[in-house]
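**Student:** Sharing a structure, written as structure tokens. Questions coming.
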Amino acid sequence: MDNDTRYMRAALAQARLAYRRGEVPIGCVIVYDGQIIGRGYNRRNTDKNTLAHAEITAIRRASRKMGDWRLEGCTMYVTLEPCQMCSGAIVQSRLDEVVIGCMNPKAGCAGSVLNILQMPQFNHQVRIRKGVLEEECSRMLKDFFVELRDRNRREKERRRQEQSKDME
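Each residue of the sequence shown is one higher than the last, beginning at 214 in our numbering.
Below, the structure is given as structure tokens:
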């Protein structure tokens with residue numbers, strides 16, 4: 214197994230943790246010198262915190278491990294293209310490279326909606342590689358949203374039935 218596959222599988226393992234918690238399954242790892250130094254998964258609902266994205270958590274942990282806010286020489290592996298907040302944090306942290314599983318055409322800021330990671334106006338640009346384990350990353354997200362819509366539909370039907378009983 215090549216390194217990209219190995220590290221993206223580690224990011225997918227993080228995404229599965231989010232999935233089991235009912236969170237949108239996004240996972241991330243940061244690698245320095247062949248070692249994972251930061252991990253994170255989406256915890257927005259669990260933590261009731263807008264900032265609890267996989268990338269932000271992984272950056273925070275990697276910075277703690279490195280003893281510096283600068284993550285020069287590091288590569289991030291993330292299962293879904295980063296949003297504008299995470300892309301800004303990636304640029305600010307000086308990560309060298311981001312490897313993306315699947316793209317996010319509705320909110321991605323590594324080329325889909327915007328490309329914050331490579332804006333020449335900023336003092337740092339990040340290399341981007343896309344499509345590592347793309348199908349597996351995409352499938353996990355699709356399965357999650359199918360299950361979520363089904364769960365929401367069943368809950369709505371249950372509430373409707375309860376209201377019907379109350380009216381009898």
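Think of the CB as a built atom: it goes at the ideal place given N, C-alpha and C, for glycine as much as any other residue.
1. If you measure between the beta carbons of Gly235 and Asn258, is that distance less than 9 Å?
2. Who are the near neighbours of Leu225 in its chain, counting only those whose CB is closer than 8 Å to its CB and skipping five residues on each side?
3. Between Asp215, Ala271, Tyr245, Ala228, which lies nearest to Ser300 when the distance is taken from Cα to Cα?
4. Could you tell me whether the segment 311-327 touches the segment 367-380, using the rule of 3 or more Cβ pairs below 8 Å?
5. In whole angstroms, what separates the C-alpha of Glu310 from that of Glu375?
6. Does DSSP put Gln248 in a helix, in a strand, or in coil?
7. What is the rounded straight-line gap between the Cα of Arg283 and the Cα of Asn216?
**Tutor:** Taking the structure as given:
1. As a first step, residue 235 must be located in the sequence shown, where it is residue number 22. As a first step, residue 258 must be located in the sequence shown, where it is residue number 45. Yes. Within cutoff.
2. The count along the sequence shown starts at 1 and reaches residue 225 at position 12. If we look at Leu225 and ignore the five residues flanking it on each side, its Cβ neighbours are Gly240, Thr292, Gly314, Leu346, Glu349, Cys350, Met353.
3. Numbered from 1 along the sequence shown, position 87 holds the residue referred to as residue 300. The option with the nearest alpha carbon to Ser300 is Ala271.
4. Judged by Cβ distances under 8 Å, the segment 311-327 makes no contact with the segment 367-380, as fewer than three pairs qualify.
5. As a working note, residue 310 is residue 97 in the sequence shown. As a working note, residue 375 is residue 162 in the sequence shown. Distance between the alpha carbons of Glu310 and Glu375: 52 Å.
6. Taking the first residue of the sequence shown as 1, we reach residue 248 at position 35. In the three-state DSSP reduction, Gln248 falls in the strand class (E or B).
7. Against the sequence shown, residue 283 aligns to sequence position 70. Against the sequence shown, residue 216 aligns to sequence position 3. When the Cα atoms are used, Arg283 and Asn216 turn out to be separated by approximately 23 Å.
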